[in-house]
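Numbering (full-length UniProt numbering), first residue to last: 1 to 361.
Written out as structure tokens, the structure reads:
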């Protein structure tokens, strides 16, 4: 039997679109993800969907909010010539109207700047939250820039998309999203990816939850049964057999490393490998006493205090979660909370596009 190859995290590539089936090869399961406009529009990535569309595209970008709002500035929809759309601006309050307005933008090529909610001329379109939003609609035929954006995102490279209010697109190095009078900038950071190590129900249930939410992930396990269970449910999984398999070659600052072992003897090599990466989250299952013993063991192996401080435990927002389902939800919530607190916040726009671009009611 040939030795198990080292891990290069092939399973950590992907976007938030929910996987619909899986392809298996050499112990590794890669999610096959939804393309185009298939599925719930609110769960689809509009920039990815745009590449599956023929004809002129119309994008709608949320450029400003006033008061309560369901989504942050930068939320985007793409509308195809048949009126199908991917992405969402609200929870469904104005999307139908945006689709109608998109037909006008597609026909004449003139961008529109619309205001909905408080202060809007469209009194019949109300926002239940009580606030107001501003949306820029523009036509684009620039498939080259959209493909370059997708390539950068698939390579997990931070990138920014500059959008002129008339619809011209250009890529640049990453910077935070910003909204000005003549152009807007949308910053794209990689989605969270998960490296899950462990055995038993805790590890496989967590992998199923992450997979169901559409996050890129791989479950690495010493237990063939855990690998098979994960793969049966569509999760990416790979069997570990040698210390070299712990190498985390492609972990980046948007990677979470989660250990779910009852036999903690497996942990030290995995944790040391994780500490050699910029992973934003490294956490291991166990009680407070287990965490204290874990840190003492790693300290005795020469891991410095500043690195020990990166190791979270007990993991999860819900104290003492014991069943696999509640633990999985608790840990995922903690990971998302940590990532959100460490990410560059999206600035609230202080300026909006010129009011002159508002259509006459």
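In this text, a Cβ means the ideal position worked out from N, Cα and C, and glycines have one as well.
Which value, in whole angstroms, describes the spacing of the CA atoms of residue i and residue j?
| i | j | result |
| --- | --- | --- |
| residue 253 | residue 136 | 32 Å |
| residue 334 | residue 131 | 30 Å |
| residue 56 | residue 112 | 16 Å |
| residue 81 | residue 94 | 18 Å |
| residue 167 | residue 185 | 12 Å |
| residue 365 | residue 191 | With the chain covering 1 to 361 only, the question about residue 365 has no answer from this structure. |
| residue 261 | residue 146 | 42 Å |
| residue 259 | residue 108 | 55 Å |
| residue 277 | residue 181 | 40 Å |
| residue 203 | residue 273 | 19 Å |
| residue 227 | residue 220 | 8 Å |
| residue 163 | residue 177 | 11 Å |
| residue 43 | residue 315 | 28 Å |
| residue 324 | residue 138 | 47 Å |
| residue 40 | residue 86 | 8 Å |
| residue 187 | residue 74 | 9 Å |
| residue 336 | residue 127 | 28 Å |
| residue 294 | residue 305 | 13 Å |
| residue 98 | residue 338 | 34 Å |
| residue 275 | residue 72 | 33 Å |
| residue 110 | residue 142 | 16 Å |
| residue 47 | residue 165 | 17 Å |
| residue 263 | residue 45 | 39 Å |
| residue 90 | residue 36 | 20 Å |
| residue 205 | residue 217 | 13 Å |
| residue 233 | residue 125 | 42 Å |
| residue 170 | residue 268 | 45 Å |
| residue 212 | residue 159 | 26 Å |
| residue 302 | residue 279 | 20 Å |
| residue 290 | residue 317 | 17 Å |
| residue 312 | residue 283 | 4 Å |
| residue 153 | residue 328 | 27 Å |
| residue 76 | residue 129 | 19 Å |
| residue 183 | residue 174 | 16 Å |
| residue 133 | residue 83 | 22 Å |
Would you identify the three-state DSSP class for residue i, choosing helix, strand or coil?
| i | result |
| --- | --- |
| residue 264 | helix |
| residue 145 | helix |
| residue 151 | helix |
| residue 25 | Residue placement at residue 25 cannot be trusted, given a pLDDT of 32 that sits under 50; what the coordinates show is reported in the next sentence. In the structure shown, residue 25 sits in a strand (DSSP, three-state: E or B). |
| residue 88 | coil |
| residue 193 | strand |
| residue 342 | helix |
| residue 52 | coil |
| residue 169 | strand |
| residue 181 | coil |
Within 10 angstroms of its Cβ, does residue i collect 16 or more other Cβ (buried), or is it exposed?
| i | result |
| --- | --- |
| residue 383 | Since the displayed the chain opens at 1 and closes at 361, residue 383 lies outside it and no answer follows. |
| residue 65 | buried |
| residue 238 | buried |
| residue 299 | exposed |
| residue 231 | buried |
| residue 119 | exposed |
| residue 121 | exposed |
| residue 285 | buried |
| residue 198 | buried |
| residue 287 | exposed |
| residue 225 | exposed |
| residue 256 | buried |
| residue 193 | buried |
| residue 60 | buried |
| residue 214 | buried |
| residue 68 | exposed |
| residue 103 | exposed |
| residue 123 | exposed |
| residue 242 | exposed |
| residue 248 | buried |
| residue 100 | exposed |
| residue 49 | buried |
| residue 117 | buried |
Pop quiz: residue i and residue j are said to be a contact at Cβ under 8 Å. What is the actual Cβ separation, rounded to whole angstroms?
| i | j | result |
| --- | --- | --- |
| residue 341 | residue 330 | Wrong, their Cβ atoms sit about 17 Å apart, outside the cutoff. |
| residue 155 | residue 195 | No, residue 155 and residue 195 are not in contact; Cβ-Cβ is about 18 Å, not under 8 Å. |
| residue 157 | residue 51 | Actually they do not touch by this definition, with Cβ atoms about 17 Å apart. |
| residue 207 | residue 235 | 4 Å |
| residue 222 | residue 266 | 6 Å |
| residue 106 | residue 58 | 5 Å |
| residue 179 | residue 78 | About 19 Å; that fails the 8 Å criterion. |
Can you give, in chain order, each stretch of the beta strand (DSSP E) that sits fully within the UniProt domain "XdhC Rossmann" (195 to 335) and has at least 3 residues?
216 to 221, 237 to 239, 255 to 260, 281 to 284
What are the start and end residues of each continuous alpha helix (DSSP H) run of 4 or more residues lying completely inside the stretch 58 to 142, in chain order?
95 to 108
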